[in-house]
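Chemist: Residues 1134 to 1219 (the numbering used here) make up the sequence shown, in order. Virtual Cβ for every residue (Gly too), placed ideally from N, Cα, C.
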Amino acid sequence: MVNILELAFTAFMLAQILQVVAAVREHRIAKAMPTLSEYIASHPQSQTERGIRCHHCKSGSIHVFHVSGIAIHRCNHCNNKLYRSN
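(1) Run the CB neighbour count on S1194, radius 10 Å, all protein chains shown included, and call it buried at 16 or more, exposed below.
(2) Would S1192 and H1160 be called neighbours here (beta carbons separated by less than 8 Å)?
(3) Going by the DSSP bridge assignment, what does H1199 pair with across the sheet?
(4) Since N1213 and H1189 are thought to touch, with beta carbons under 8 Å apart, how far apart are those beta carbons, to the nearest angstrom?
(5) Identify every run of the beta strand (DSSP E) within the segment 1137-1209, keeping only runs that are complete inside it and at least 3 residues long; order them along the chain.
(6) If you draw a straight line from the C-alpha of F1145 to the C-alpha of A1156, how long is it?
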């Protein structure tokens, strides 16, 4: 019969494995995003005299958050992820 400590340890290890898998997935998604130069090449109208703007809603309000050490730039208005930087 399995004791409670073995079950708790197994659950803990499974949670750790799932956390690592999620982190690897987030990192791959972030690395697959375009860089700023790739974003501008795809959406040249997004580069203005005042800076970069969202190609979806045209907002210039861009927020940066970090995923696995990669800076992800997203629009504050429509929440679309735009590009990455290191």
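Modeler: If we stick to the structure as given:
(1) Start at 1 with the first residue of the sequence shown, and residue 1194 comes out as number 61. With fewer than 16 other Cβ atoms within 10 Å, it is exposed.
(2) Locating residue 1192 in the sequence shown gives position 59, where the first residue counts as 1. Locating residue 1160 in the sequence shown gives position 27, where the first residue counts as 1. Taking 8 Å as the Cβ cut-off, S1192 and H1160 do not qualify as a contacting pair.
(3) On the sequence shown, position 66 is the one that residue 1199 refers to. Answer is A1204, bridged to H1199.
(4) On the sequence shown, position 80 is the one that residue 1213 refers to. On the sequence shown, position 56 is the one that residue 1189 refers to. Rounded, the Cβ-Cβ distance is 5 Å, consistent with contact.
(5) 1195-1200 and 1203-1208
(6) What you label residue 1145 is simply residue 12 of the sequence shown in a count that begins at 1. What you label residue 1156 is simply residue 23 of the sequence shown in a count that begins at 1. Distance between the alpha carbons of F1145 and A1156: 17 Å.
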